[in-house]
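Taking it in order: structure first as structure tokens, then the write-up.
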Amino acid sequence: MAVWLKLSLIVLCGCLSCWVGSVWAQPPLPGFAALSAGQYPLADRQLSQAIAHGKATAALYGNRCWVRLSLERYEEAIKDCSVALDLQPHEPETWLNRGLAYYRQGQSQAAIADFDQLLQQSPTDYRAYYNRGLAYLDLAQPEQAIADFQQALERLPATEIGAAVDLHTDRCMGELHRAQPGPAVSAC
């Protein structure tokens, strides 16, 4: 019996090492090194070349969306995110990025719709609440903005100190928009 167990482990370990080797042997996504290094124009070119050569995957379009968002090319970012979402609709980061692109173009309603989609998939994502709150603030809907900022604060990881400062500041702005100086002072 012990011999069979040893042989099974040897076969299992051999198969596992082959599988791990094949996973690690796969090349990285085009543009990934440039993206990681913050070389966004280079990453955009590399991702565009990969897409042009028929490697049109949700990951490539999603990464190019993020690159173009970083380059403030919002219209192109929205198109890339839309293609990525058509290919893979359950990708929270893509909903976030397209929502950010809409928001930065001043399309707050469209941004809110994307942040709503993100929250359906990831109800604890503080970034969705925070960014939706900003969009509500732009639409002069301070009550909804304040509620979202509060939700974001409740879900914020303890390691995100900078985000906590931003959230408190924006919550303060929401109270001021609502013409509530008392709550604004306590929020700040």
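Residue numbers for the sequence shown follow UniProt numbering, so the first one is 1 and each next one is one higher. Note that beta-carbon positions come from the ideal geometry of N, C-alpha and C, so glycine has one too. As the structure is a computational prediction, the values presented were derived from the model and not from experiment.
Option in the options with minimal Cα separation from residue i
i, options, result
"residue 75", "55, 89, 54, 99", "99"
"residue 107", "139, 158, 126", "139"
"residue 54", "30, 36, 115", "30"
"residue 125", "160, 67, 102", "160"
"residue 133", "41, 127, 145", "145"
Distance, residue j Cα to residue i Cα
i, j, result
"residue 113", "residue 39", "31 Å"
"residue 88", "residue 58", "6 Å"
"residue 82", "residue 43", "19 Å"
"residue 149", "residue 115", "13 Å"
"residue 52", "residue 97", "22 Å"
"residue 141", "residue 109", "12 Å"
Same chain, Cβ closer than 7 Å to residue i, five either side skipped, listed in chain order
i, result
"residue 151", "129"
"residue 101", "69, 74, 77, 78, 81"
Residue i - DSSP class collapsed to helix/strand/coil
i, result
"residue 94", "helix"
"residue 29", "coil"
Neighbourhood of residue i by C-beta distance below 6 Å, restricted to the same chain and skipping five residues each side
i, result
"residue 85", "94"
"residue 64", "47, 80"
"residue 103", "111, 135"
Own chain partners of residue i with C-beta closer than 8 Å, once the 5 adjacent residues on each side are dropped
i, result
"residue 21", "Unreliable placement is indicated for residue 21, whose pLDDT of 34 sits below 50; no coordinate value is reported for it."
"residue 121", "90, 92, 95"
"residue 155", "124, 125, 126, 129"
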